[in-house]
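Colleague: Going by my numbering, the sequence shown runs without a break in its numbering and finishes at 668.
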Amino acid sequence: MKKRRVEGTVAELYCQAAIGICVAALFAFVTATLHAQPASSFASSSAQAVPRIRRPGPVYIILWFDTEDYVLPQSDDSAKRIAEFLTSQGICATFKVVGEKARTLERRHREDVIAALEKHEIGYHSNYHSWRVSPAEYEAPLNWQDGVQEFIRREQPGIDDIRRIFGRMPTAYGQPGNSWCPEAQPALRKMGIHVYLDDGEQIGLDGKPFWYGGILNIFNMRYIGDLRPNADWTNLTEVKANFKKAYMALSESGGGLISIYFHPCEFIHKEFWDAVNFSHGAEPPRSEWKLPPVKTPEEQARTFSFFEQFVEYMKTFPVQFVTASEAFQLYPDIAHRRAFSKQDLAEIAHDVQPAVSFQVYRDYALSASEILWLLNDYIDREINHQPDAFFELRGTPLGPSTGANNAELKGEVKVPWYQFRWAVEDVESALEKNQQVPTVVWIGGNPYPPESYLVALTRVAETLLDGKQPPQEIALRPATLDAAKYVAEDSANVWDWPIFRPGFNGKHLLDLARLQAWTLKPAQLEASSCEAARAVSHSQ
Numbered sequence: 129m130k131k132r133r134v135e136g137t138v139a140e141l142y143c144q145a146a147i148g149i150c151v152a153a154l155f156a157f158v159t160a161t162l163h164a165q166p167a168s169s170f171a172s173s174s175a176q177a178v179p180r181i182r183r184p185g186p187v188y189i190i191l192w193f194d195t196e197d198y199v200l201p202q203s204d205d206s207a208k209r210i211a212e213f214l215t216s217q218g219i220c221a222t223f224k225v226v227g228e229k230a231r232t233l234e235r236r237h238r239e240d241v242i243a244a245l246e247k248h249e250i251g252y253h254s255n256y257h258s259w260r261v262s263p264a265e266y267e268a269p270l271n272w273q274d275g276v277q278e279f280i281r282r283e284q285p286g287i288d289d290i291r292r293i294f295g296r297m298p299t300a301y302g303q304p305g306n307s308w309c310p311e312a313q314p315a316l317r318k319m320g321i322h323v324y325l326d327d328g329e330q331i332g333l334d335g336k337p338f339w340y341g342g343i344l345n346i347f348n349m350r351y352i353g354d355l356r357p358n359a360d361w362t363n364l365t366e367v368k369a370n371f372k373k374a375y376m377a378l379s380e381s382g383g384g385l386i387s388i389y390f391h392p393c394e395f396i397h398k399e400f401w402d403a404v405n406f407s408h409g410a411e412p413p414r415s416e417w418k419l420p421p422v423k424t425p426e427e428q429a430r431t432f433s434f435f436e437q438f439v440e441y442m443k444t445f446p447v448q449f450v451t452a453s454e455a456f457q458l459y460p461d462i463a464h465r466r467a468f469s470k471q472d473l474a475e476i477a478h479d480v481q482p483a484v485s486f487q488v489y490r491d492y493a494l495s496a497s498e499i500l501w502l503l504n505d506y507i508d509r510e511i512n513h514q515p516d517a518f519f520e521l522r523g524t525p526l527g528p529s530t531g532a533n534n535a536e537l538k539g540e541v542k543v544p545w546y547q548f549r550w551a552v553e554d555v556e557s558a559l560e561k562n563q564q565v566p567t568v569v570w571i572g573g574n575p576y577p578p579e580s581y582l583v584a585l586t587r588v589a590e591t592l593l594d595g596k597q598p599p600q601e602i603a604l605r606p607a608t609l610d611a612a613k614y615v616a617e618d619s620a621n622v623w624d625w626p627i628f629r630p631g632f633n634g635k636h637l638l639d640l641a642r643l644q645a646w647t648l649k650p651a652q653l654e655a656s657s658c659e660a661a662r663a664v665s666h667s668q
């Protein structure tokens with residue numbers, strides 16, 4: 129993406145220089161000098177003398193609403209009012225609807241609310257949210273494979289009802305409260321949802337969108353907490369100032385995405401509907417559910433005024449409001465439509481370090497698992513006499529199911545080439561069949577961590593790409609998955625949510641999440657999207 133451009137044509141620069149010279153003798157000297165130089169030389173020297181002006185990057189806003197309260201009937205009207213206001217403003221938002229909320233709208237015959245929401249994009253916010261058991265709770269006792277299947281078993285019915293009631297497939301998912309789990313990522317991909325849209329502290333990548341588990345994550349975004357109303361919705365001036373700072377920072381750094389969220393129910397209630405009924409794991413029968421206390425008419429007027437003025441203020445900036453599916457188009461996984469040359473592979477292999485992580489290049493990024501498959505595929509083809517000029521990714525392999533505790537390397541180990549070669553073929557088979565990084569790599573009857581295998585693999589790839597024969601011995605050395613540092617350490621703050629049952633422990637989920645950091649990489653704004661956005665901004 130170009131960030132700078134030279135203002136003015138060569139002719140304009142010539143005129144500006146001539147006008148600035150008042151002494152006739154000096155003018156004659158300059159003119160003679162210019163005539164003695166080729167036009168291209170003049171253009172080059174003049175362009176270098178003119179200060180470059182930074183081109184503002186495109187700024188996008190994704191506005192989303194956790195539409196979840198199926199207890200308080202007035203929350204239906206709140207969602208309708210918000211949706212209709214945004215429609216009148218020409219803005220399409222993303223309403224993440226709970227499965228039970230959708231079914232409740234249907235039972236209440238609120239076709240008017242459904243129709244208002246249908247003018248926007250529909251996401252999914254879990255099947256029951258806080259009632260019964262939430263995702264992190266039902267996932268916590270399970271291993272990786274069982275957890276993925278359990279998420280599908282419990283959440284597919286909600287997705288099906290959203291699709292039936294709204295007539296379309298939800299485009300994004302976000303967890304209820306802080307009930308996050310890494311198994312959701314591959315499960316959502318299997319169910320046809322490719323965007324994770326929410327907030328939390330469990331994982332993040334510099335406050336920007338990222339790819340994790342094979343889907344786009346708009347999660348733990350920078351500025352999101354600065355754009356929220358306070359308890360009595362009186363901080364509009366502060367929020368406007370925070371938005372301006374966020375806009376300027378992103379625009380001056382090449383562009384980006386601002387994530388902003390609300391709950392329709394928070395416009396009208398004084399306490400969340402689920403906190404009133406389901407705190408600390410409570411499960412009263414439906415007949416005993418209590419309505420949450422509501423704000424006074426004056427308080428409700430203030431909340432809607434806050435929101436409407438904030439939206440109108442944001443529209444005074446050259447921004448574009450986008451939905452989850454549009455964000456998915458803005459941040460495509462370019463690596464998956466790229467043909468990698470041997471020169472590309474040589475650069476990728478050279479950049480792999482013992483602290484294994486993702487790699488970022490000018491127009492694409494690769495996760496550690498993608499690097500593993502690309503290089504393993506190349507070597508497998510070479511040793512089986514099936515060379516190719518270009519290579520393509522065949523997916524993003526998931527991380528291992530468990531840690532390789534019994535395979536930890538304390539120091540360097542050397543293995544013969546013929547055994548390493550067999551391991552390459554075995555890993556290739558595992559990647560193709562399981563779409564997952566193996567927990568350990570077996571070489572000569574001994575298990576080794578996949579991180580150490582990847583680092584050794586890159587050295588072999590470099591040798592082969594240089595046109596040389598593989599070495600007789602391959603050195604395996606200690607290595608770590610550095611990308612795992614982007615997953616939070618377990619703490620009370622990470623799981624702060626009043627709905628969790630007493631004694632809930634999410635450490636196991638974060639341990640699994642670190643293993644899945646093999647799939648982590650930044651999401652990059654596609655250059656063509658940036659240029660299109662600049663064109664729109666310029667026309668405004």
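The beta carbon of each residue, even a glycine, is placed where N, CA and C say it ideally should be.
How is L325 classed by DSSP in three states: helix, strand or coil?
Modeller: Strand, per DSSP.
Colleague: Using DSSP with H/G/I as helix, E/B as strand and the rest coil, what is V568?
Modeller: In this structure, V568 counts as coil in the three-state DSSP scheme.
Colleague: Go ahead and label V178 buried or exposed: buried means 16 or more other beta carbons lie within 10 angstroms of its beta carbon, across all protein chains shown.
Modeller: Per-residue confidence for V178 stands at a pLDDT of 43, beneath the threshold of 50, marking its modelled position as unreliable; the derived number appears in the next sentence. So V178 counts as exposed.
Colleague: Does the beta carbon of L592 come closer than 8 Å to any beta carbon on chain B?
Modeller: No chain B appears in this structure, which consists of one protein chain only.
Colleague: Tell whether a beta-carbon distance below 8 Å holds between L503 and L609.
Modeller: Cβ atoms of L503 and L609: not closer than 8 Å.
Colleague: Tell me the DSSP secondary structure of H391 in three-state form.
Modeller: Looking at H391 - three-state DSSP - the assignment turns out to be coil, as it is neither helix nor strand.
Colleague: Could you have a look at A171 and say whether DSSP puts it in helix, strand or coil?
Modeller: Because the pLDDT of A171 is 35, which lies under 50, any placement of that residue in the model is unreliable, and the number read from its coordinates should be weighed accordingly. If DSSP states are grouped into helix, strand and coil, A171 belongs with the helices.
Colleague: Can you give, in chain order, each stretch of the beta strand (DSSP E) that sits fully within the segment 202 to 232 and has at least 3 residues?
Modeller: For the segment 202 to 232, whole beta strand (DSSP E) runs of length 3 or above, ordered along the chain, are 222 to 225.
Colleague: Considering only their Cβ atoms, is the gap separating V187 from L384 smaller than 8 Å?
Modeller: Sequence check: residue 384 is Gly here, not Leu. A contact, by the Cβ cut-off of 8 Å.
Colleague: Pairs of beta-carbons, one from the segment 485 to 501 and one from the segment 436 to 443, closer than 8 Å: are there three or more?
Modeller: The segment 485 to 501 vs the segment 436 to 443: no contact.
Colleague: Just checking, does the segment 526 to 546 make contact with the segment 570 to 579 on the three C-beta pairs under 8 Å criterion?
Modeller: Judged by Cβ distances under 8 Å, the segment 526 to 546 makes contact with the segment 570 to 579, as three or more pairs qualify.
Colleague: Helix, strand or coil for R384? Go by DSSP, reduced to three states.
Modeller: Checking the sequence, you will find Gly at residue 384 rather than Arg. Residue state, collapsed to three classes: strand.
Colleague: Apart from the five residues just before and just after W361, which ones in its own chain have a Cβ nearer than 7 Å to its Cβ?
Modeller: So the list reads R430, T431 and F434, once near-sequence residues are dropped.
Colleague: Among residues of its own chain, excluding the 5 on either side of F294, which ones have a beta-carbon nearer than 8 Å to its beta-carbon?
Modeller: Result list for F294: V225, A230, I242, L245, E246 and I250, in chain order.
Colleague: What is the DSSP secondary structure of F628, counted as helix, strand or coil?
Modeller: Coil at F628, not helix or strand.
Colleague: By the three-class DSSP mapping on this structure, what secondary structure does F294 have?
Modeller: F294 falls in the helix class under three-state DSSP.
Colleague: Check each candidate in A207, P446 and T365 and name the one with the smallest Cα separation from E239.
Modeller: Comparing Cα positions, the closest option is A207.
Colleague: In this structure, what does DSSP give as the bridge partners for N574?
Modeller: DSSP lists I571 as partners of N574.
Colleague: Take L270 and list the residues in its own chain whose beta-carbon comes closer than 7 Å to its own, dropping the five residues that flank it on each side.
Modeller: E278, listed in sequence order.
Colleague: May I have the straight-line CA-CA distance separating A603 from G595, to the nearest angstrom?
Modeller: Cα to Cα, A603 sits roughly 20 Å from G595.
Colleague: Tell whether a beta-carbon distance below 8 Å holds between W646 and Q600.
Modeller: Taking 8 Å as the Cβ cut-off, W646 and Q600 do not qualify as a contacting pair.
Colleague: Using the C-alpha atoms, what's the distance from I331 back to P525?
Modeller: Their backbone Cα atoms lie some 19 Å apart in a straight line.
Colleague: Tell me the rounded alpha-carbon separation between A403 and R350.
Modeller: Spanning the two alpha carbons is a distance of roughly 27 Å.
Colleague: According to DSSP, is A452 part of a helix, a strand, or is it coil?
Modeller: In the structure shown, A452 sits in a helix (DSSP, three-state: H, G or I).
Colleague: Around the Cβ of Q457, are there at least 16 other Cβ atoms within 10 angstroms (buried) or fewer (exposed)?
Modeller: Flag for Q457 reads exposed.
Colleague: Does A690 pass the burial test, meaning 16 or more other C-beta atoms within 10 Å, or should it be called exposed?
Modeller: Residue coverage of the chain in this structure runs from 129 to 668, which leaves residue 690 outside it and unanswerable.
Colleague: Tell me where the beta strand (DSSP E) around K542 begins and ends.
Modeller: Unbroken beta strand (DSSP E) run through K542: V541 to P544.
Colleague: Any idea what DSSP makes of V622, helix, strand or coil?
Modeller: If DSSP states are grouped into helix, strand and coil, V622 belongs with coil.
Colleague: Alpha carbons only, please: which of Y324, W259 and Y252 is nearest the one belonging to R296?
Modeller: Comparing Cα-Cα distances from R296 to each of Y324, W259 and Y252, the minimum goes to Y252.
Colleague: Give me the residue from T232, W259 and A268 with the minimum Cα distance to F632.
Modeller: Of the listed residues, the one whose Cα sits closest to F632 is A268.
Colleague: Quick one: measure Cβ to Cβ for Q669 and S529, integer angstroms, because I've assumed they're closer than 8 Å.
Modeller: Lying before the first or after the last residue shown, residue 669 is absent from the chain, which here runs from 129 to 668.
Colleague: Kindly indicate which three-state DSSP category Y351 falls into: helix, strand or coil?
Modeller: Here Y351 sits in coil by DSSP.
Colleague: Would DSSP call P263 helix, strand or coil?
Modeller: Here P263 sits in helix by DSSP.
Colleague: Let's see if you can read the secondary structure: which residues bound the alpha helix (DSSP H) around N345?
Modeller: Unbroken run through N345 is the beta strand (DSSP E), I343 to I346; no alpha helix (DSSP H).
Colleague: Given 8 Å as the limit, is there contact between the segment 447 to 456 and the segment 399 to 413, that is, 3 or more CB pairs closer than that?
Modeller: In short, these stretches do not touch, since the Cβ pair count stays below three.
Colleague: Measure from the alpha carbon of L200 to the alpha carbon of each residue in Y301, A264, D516 and V422, then state which is nearest.
Modeller: Nearest of Y301, A264, D516 and V422 to L200, Cα basis: V422.
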